C-alpha cells in the first residue's frame, strides 16, 4: 500500500491560489501597502531574497513525505521558473525554490496545489511545517507510527486564524524512535515523543525549545499524555503563545521567551488555564482516526531489469554502510545524500521514476537535507545503487561527517553574513581529498558538520559536533575578513540536547585546513572508544586553539593573508551586506 493510499497527504486548497492572485493584483494597483502585502505573501510561503527582483518560494511537506507527482511538479517548477534550475531541501523537510519572479508565483502555487502540496503558512508568524521522523512506520525501535497524529495536527492548525496570526513563527516536531531523536524535538516550540503507557498510546511533550542567537533546550511539560489529548493540549500551548508572546519586539517573541518571562511555574499555570477552558467545553478528547495497517508495496519486475552493482564493488559496499534495515524483514530504508540539499530539475524527474520503480511511490525528506527511500526490497539494493549512480545521486557518506548541512547563506538570504554554501563545498573537498592521508576523517565518521551564514542557526550549527556560523572581522584600512565562529560538541542525547561551545573564529578561507587540524587533534588525544562528539564536548578551548595554530588570525593581524579578505567562492573583496530579514516579519 502506498503512502498516498494509506494517508491523506493532500493539504492544498484552490482558494489559496485564487486569494494570492486577487491580493497580488490589488497590490500591483496600489490598493495594498508594501508592508501589508509582505505580511500576506509570507503567510503564503513567498520570502524575499537579497536580490530585489526575485523571491524564494517554500513548499511544505509535513513529515517530509513527497509523492512522485509532487517530485515531477518540482522538476517542472525548477526547470521553468528558477534561475539555476534546481530546488533545495531544508532542515524542516520543505522544498525551497529560489530566484522565482513574483509574477510567476500563482502559476507555481497552482501546480503544487494540484498535487496536494501547499505553501500556506510556510513562512511568516505562523505554525510552520510540522516535521516528523523520516523512519516513522519502519523503525525497529519506534513505539508506534507517529505519522497520522502529525497529519491530524497539521490539519487542525492549517488556515486557522487563531493558529496563524502569532507573535512569531511556531515550530513542532514528532519523534517515534527511542534510539535517536531524528526529528530534533528538543529544539522545537513543541516536541512530541511517542510512548506507550499501560497499553495506551501517548506522548512525552516538550515545549519552548529553540536555536537562533539564544538557544534554549525544550522544557518537559508532560512525561505522558494520552494520544487522544494531543490536539487539544497543543491548541492550549498555541493560545498561551498568542496571549503572552511579545508582539512589540519580534527579536524576543518566540515561545522560549514566554517561558523565560513567565518562568516555568507561570508558564505551566497559563497553560493549565487554557486546558481548563477546553475541558469545560468538552473538547479535550479528540481521537485521531488511524489509517489501515501498512503493507509492503507490490513486487516490481522493473526494479531488477536494469544494471546492478557487483556484490564486491567497493563503492557499493561503502554505500551499504548507510542503508538502514527496516523492522519489516527483507526491506531497507536508503538515504540519498544530496549536495548541500540541492536537487536539479532533471534529478527531481529521475527520483520520481525511482520512487515508483523501487518503492511505494514516495520519498521522505530528513532534517540533514537528504531524501529517504523506504520499503526497498533488499534484492533491489544493487540495482538501486546503480540507478542512483546514473543520475549523480550515489554519493557516499550520508549521515556521516561527509554529509555537511548548510543554509543558503549570502547566495540569497538578506540576513546572511557569509556564503555558507561555499564553505560546505570547501569543507567537503578537504574531507574527501586531504583527509585520506591522515585517517582522522574515518575515525571521526560519526561526527556531523552544520553551517549557518549568520548567528540565526538556520543551518543548525548549535547542535552539531562541529558547527560554524558566519561573522566578520574588521582589520583596518577598510578591510573586512569573512570568518566563521567555531562551535564544538553540540548534539542530541538521552537528556535532550546540548549546544556546542563557542571556541574561536576562523577566516573563511582557512576553514578547511582548520577542520583537518581539529580532526587530527581528535585522532591524537581521544580516549579509547570515545566518539568525536563526546571528545569535542570535553576538549579545552586552549587545546583547540593550540592545535589550530596559524589557521586562526592573530589579534594584531600579523598573519593576515592576501586571500583572507575574500569570501569563499567570491572574486570581489569581502564587504558584509546585511539587509532586512523577513524571518520575523
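In the numbering used here, the protein residues as written are 1 to 585.
Beta carbons: idealized from backbone N, C-alpha and C, even for Gly.
Being a predicted model, the structure only gives us computed values, none of them experimental.
If you follow the beta strand (DSSP E) that residue i is in, where does it begin and where does it stop?
| i | result |
| --- | --- |
| residue 586 | The question about residue 586 has no answer here: the residues shown for the chain are numbered 1 through 585. |
| residue 375 | 371 to 377 |
| residue 402 | Premise fails: residue 402 is in no beta strand (DSSP E) and is neither H nor E. |
| residue 461 | Segment: none, residue 461 is in no beta strand (DSSP E) and carries neither H nor E. |
| residue 100 | 95 to 100 |
| residue 190 | 190 to 197 |
| residue 450 | 449 to 452 |
Can you find the residues in the same chain that come closer than 6 Å, C-beta to C-beta, to residue i, ignoring five residues on each side of it along the sequence?
| i | result |
| --- | --- |
| residue 215 | 462, 499 |
| residue 178 | 141 |
| residue 309 | 316, 382, 385, 386 |
| residue 474 | 480 |
| residue 221 | 205, 207 |
| residue 358 | 303, 376, 380, 384 |
| residue 584 | At residue 584 the pLDDT is 43, less than 50, meaning the model places this residue with poor confidence; the figure from the coordinates comes in the next sentence. Same-chain partners within the cutoff: 250. |
| residue 157 | 127, 163 |
| residue 432 | none |
| residue 256 | 208, 210, 216 |
| residue 450 | 405, 459, 460, 461, 464, 467 |
Since I believe residue j is in contact with residue i (beta carbons under 8 Å), could you give me their beta-carbon distance rounded to a whole number of angstroms?
| i | j | result |
| --- | --- | --- |
| residue 62 | residue 150 | 6 Å |
| residue 12 | residue 113 | 4 Å |
| residue 577 | residue 551 | Incorrect: roughly 26 Å between the Cβ atoms, too far for contact. |
| residue 56 | residue 96 | 6 Å |
| residue 100 | residue 54 | 6 Å |
| residue 344 | residue 505 | That pair is no contact at about 34 Å. |
| residue 254 | residue 210 | 5 Å |
| residue 352 | residue 72 | 5 Å |
| residue 574 | residue 566 | 6 Å |
| residue 484 | residue 496 | The Cβ separation is near 26 Å, so there is no contact. |
| residue 143 | residue 176 | 6 Å |
| residue 453 | residue 416 | 3 Å |
| residue 460 | residue 91 | 6 Å |
| residue 173 | residue 132 | 7 Å |
With respect to the alpha helix (DSSP H) encompassing residue i, which residues constitute its N-terminal and C-terminal limits?
| i | result |
| --- | --- |
| residue 19 | 14 to 28 |
| residue 35 | 34 to 43 |
| residue 266 | 255 to 280 |
| residue 113 | 105 to 115 |
| residue 47 | Here residue 47 belongs to no alpha helix (DSSP H); instead the beta strand (DSSP E) covers 46 to 48. |
| residue 181 | Where residue 181 is concerned, there is no enclosing alpha helix (DSSP H), given that its DSSP letter is neither H nor E. |
| residue 545 | 541 to 548 |
| residue 537 | 532 to 538 |
When DSSP labels each residue in this structure, what does residue i get in the three-state scheme?
| i | result |
| --- | --- |
| residue 366 | coil |
| residue 233 | helix |
| residue 176 | coil |
| residue 554 | coil |
| residue 574 | coil |
| residue 158 | coil |
| residue 391 | coil |
| residue 120 | coil |
| residue 483 | strand |
| residue 226 | strand |
| residue 148 | helix |
| residue 441 | helix |
| residue 430 | helix |
| residue 91 | coil |
| residue 252 | helix |
| residue 510 | helix |
| residue 9 | coil |
| residue 419 | coil |
Would you list the residues sitting across from residue i in a DSSP beta bridge?
| i | result |
| --- | --- |
| residue 341 | DSSP, once it has assigned bridges, lists no residue as partnering residue 341. |
| residue 66 | 363 |
| residue 219 | 207 |
| residue 335 | 372 |
| residue 56 | 47 |
| residue 382 | According to DSSP, which records beta bridges pairwise, residue 382 is partnered with nothing at all. |
| residue 324 | 333 |
| residue 86 | 344 |
| residue 200 | 197 |
| residue 604 | Limits of the chain in this structure are 1 at one end and 585 at the other, which puts residue 604 out of reach. |
| residue 493 | 496 |
Please list, in chain order, all residues of the same chain as residue i whose beta carbon is under 7 Å from its beta carbon, the five residues on each side excluded.
| i | result |
| --- | --- |
| residue 388 | 336, 394 |
| residue 232 | 278, 283, 284, 286 |
| residue 168 | 125, 245, 250, 253, 254, 584 |
| residue 338 | 89, 369, 370, 371 |
| residue 27 | 37 |
| residue 225 | 202, 203, 205, 233 |
| residue 546 | none |
Once you ignore the five residues that flank residue i on each side, which residues in its own chain have a CB closer than 8 Å to its CB?
| i | result |
| --- | --- |
| residue 443 | 519, 522, 523, 526, 532 |
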